[in-house]
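These notes are about the structure you will find just below.
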Amino acid sequence: MSKSKRLVYVSEDLIKEAMEIARREGKPLGVFVEESIELALLAKKLGYELKEAADLLEVTKANRILGGAFVPLSVFNYLVKVVSKGKSKSFNERWYESGRLHGKYLKEKFEDPIRIFKEFLKASRWDLNEIEVIDGESSVKLRCFSTVLTDKGTEALLKYVEGAFHGMGYETIRSDYMKGMIILEFKKQEDTKY
């Protein structure tokens, strides 16, 4: 790699912010800027848009704060199968409560909690092939599809998503699911109790 330097015009506000971070980290501004560009290029090489990479980091941090763990799908499916035998109601209640906690946290932490929740689902190990969120005037529709989710896994995901939206202050107005697919529709609650 060439060590020659080039002048690049950057907004003064960004330079001030970068200088402050570099100072806190004890680095020269030039080193901080080069590292930042290298990491941006790495994200691009990995196939991420920079905003998408930043969202993924945000979601991963939120998941860690909320006690989330990445589990191989085969282990997850096994656990769902074993734990839900005869205890489906209790098992699904735990998923719902976990979702509610996540939804409440996302609502308090992020300006657009629904967008972050969608990113959260994409980054999590539900192995969803498709996640669609349609934010309409009077409701929000969410559709998830997976070719590998089991019946019980689909039910758990449904409860988790419902809990998350309830935690964000929405109520369910439509709930359909079958193995590997959920369709939910929510509207903003008038009086948010959560």
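Each step along the sequence shown adds one to the number in the numbering used here, with nothing skipped, and position 12 is 12.
Here a beta-carbon is modelled for each residue, glycine too, at the ideal position from N, C-alpha and C.
Being a predicted model, the structure only gives us computed values, none of them experimental.
Supposed contact pair residue j and residue i - C-beta distance, whole angstroms, cut 8 Å
i    : j    : result
F110 : N129 : About 25 Å; that fails the 8 Å criterion.
L184 : E155 : So it is not a contact: roughly 13 Å between Cβ atoms.
V133 : L142 : 5 Å
S139 : I173 : 6 Å
T238 : V75  : As shown, the chain starts at 1 and ends at 194. That puts residue 238 outside it, with no answer to give.
Outcome for residue i when other beta-carbon atoms lying within 10 angstroms are tallied against a minimum of 16
i    : result
I116 : buried
K85  : exposed
Y170 : buried
K107 : buried
A40  : exposed
D99  : The question names Asp, but residue 99 is Gly in the sequence shown. Under this definition G99 is a buried residue.
L121 : buried
E34  : exposed
Y78  : exposed
T192 : For T192, the predicted model reports a pLDDT of 47, less than 50, meaning its position is unreliable and no value from the coordinates is stated.
L7   : exposed
E25  : exposed
D13  : exposed
I182 : buried
G47  : exposed
Reduced DSSP category for residue i - H, G, I as helix; E, B as strand; rest coil
i    : result
F32  : helix
Y170 : strand
R143 : strand
K27  : coil
K188 : strand
G47  : coil
K16  : helix
L199 : No answer is possible for residue 199: it lies beyond the span of the chain, which begins at 1 and ends at 194.
K161 : Checking the sequence, you will find Val at residue 161 rather than Lys. DSSP places V161 in helix when its eight states are reduced to three.
T154 : helix
V59  : helix
L149 : coil
G103 : helix
Opposing strand residues paired with residue i [DSSP bridges]
i    : result
D176 : I183
Residue i Cβ short of 7 Å to the ligand SAM heavy atom set
i    : result
K118 : In terms of ligand content, the structure shown is empty, and the ligand SAM therefore cannot be addressed.
* Which ranges does the beta strand (DSSP E) cover as unbroken runs of at least 3 residues, wholly within the stretch 105-141, from first to last along the chain? -> The qualifying runs are 130-135.
* alpha helix (DSSP H) segments (min. 4 residues) lying fully within the stretch 61-86 -> The stretch 61-86 contains these whole alpha helix (DSSP H) runs: 73-84.
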